[in-house]
Amino acid sequence: MSQKVTMQDVNRARLMTLGSWAINFAAQTYGMLTKPNMKDIHDTYHYAFSPNPMFIGVYFSMQVVIQLTWISKLWRPSGGRKDDASAYGEPSQLKYAPIYALGNLCIAGWMLFWNNENFVMSQALVTVNSFAQFYAVFVMLPPMTADNVWTHLTAQTFAGIGVLDFVDNGAVVLRLAGPPSTAIQVVTGLVFGLGALLTNPIFSATMLYNLVGLYFGQSGVWAKNLAWMIFATGIVVFFKLLTFKVPGQVRL
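Following this line, the structure appears as structure tokens:
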């Protein structure tokens with residue numbers, strides 16, 4: 001039997017989600033405005049899994065819209081039931097809130113270590129975030145329905161970019177210059193391909209986006225091989241999205 005939701009639970013989730021979002025947003029803003037900024041570091045340490053930074057900026061902007069919409073649901077009761085704690089947020093939102101907050105704090109810390117060229121510590125933080133988001137998406141959250149679509153959008157886009165963060169920072173730590181070995185390229189194709197094939201269309205689309213970002217960040221034979229991965233993954237994502245339908249009516 002599920003535990004009854006109280007306003008104290010809702011207020012705690014509000015504090016965790018909005019507070020951690022604000023901290024992360026401030027850290028990312030600092031990382032973009034300081035000198036050297038995050039792009040300067042990216043350009044200095046450009047390795048085999050470094051994406052085009054423009055794609056990171058676009059993705060971050062998309063996340064801001066999705067996450068603020070999701071967070072706002074904690075202040076907007078469904079049906080105008082202001083005194084009913086269960087009317088705030090989505091059914092899975094309170095459960096995911098601690099992992100979401102952990103992820104924001106990890107990425108905020110990552111920015112500080114990245115800009116100070118402490119890549120081992122930044123890798124530790126992106127690893128914690130990535131696996132926390134994977135746990136949420138693949139283990140903790142129930143299947144996506146109209147009642148929890150914004151929670152899934154938030155979690156799956158967070159997990160999706162976590163894959164790119166992990167390999168990008170990892171390549172910097174290992175000083176893995178491009179093109180990587182044939183074995184690494186094969187493993188990359190398998191990981192991204194299976195990640196797109198065996199998961200929800202949202203996560204599949206993030207895998208495709210990651211590959212496109214990598215393609216525009218690389219060159220030569222490695223970029224050509226990434227293009228083939230994009231082609232194969234794109235077919236998978238296209239048919240997944242073509243047949244995908246969320247049960248019920250999604251509420252903003």
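Residue 177 in full-length UniProt numbering sits at position 177 of the sequence shown, and the numbers go up by one each step.
Think of the CB as a built atom: it goes at the ideal place given N, C-alpha and C, for glycine as much as any other residue.
Between the stretch 170-180 and the stretch 218-231, do three or more beta carbon pairs fall short of 8 Å?
yes
Measuring only the C-alpha atoms, how far is Leu74 from Ala13?
8 Å
Looking only at its own chain, which residues have a Cβ that is under 8 Å from the Cβ of Asn169, when we skip the five neighbours before and after it?
Trp110, Trp114, Phe119, Ser122, Gln123, Val126
Between the stretch 137-146 and the stretch 57-66, are three or more C-beta pairs nearer than 8 Å?
Of all C-beta pairs linking the stretch 137-146 to the stretch 57-66, fewer than three are shorter than 8 Å, placing the two stretches out of contact.
For Ile65, does the count of other Cβ atoms within 10 angstroms reach 16, so buried, or fall short, so exposed?
What sits at residue 65 in the sequence shown is Val, not Ile. Exposed is the call here.
Between Leu15, Gly234, Gln8, which has its C-alpha nearest Ala101's C-alpha?
Leu15
For Asn11, collect the residues of the same chain with a Cβ closer than 7 Å to its Cβ; drop the 5 residues on either side in sequence, then sort them by chain order.
Counting only Cβ-Cβ distances below 7 Å, and skipping sequence neighbours, we find nothing.
Here's the rule I'm using: 16 or more other beta-carbon atoms within 10 Å means buried, otherwise exposed. How should Met1 be labelled?
The predicted position of Met1 is uncertain, since its pLDDT is 43 and thus under 50; no value can be drawn from it.
What residue does the alpha helix (DSSP H) around Ala97 start on, and which one ends it?
Per DSSP, Ala97 is one residue of the alpha helix (DSSP H) stretching across 93-115.
Contact check, Thr157 vs Thr206, beta carbons under 9 Å:
yes
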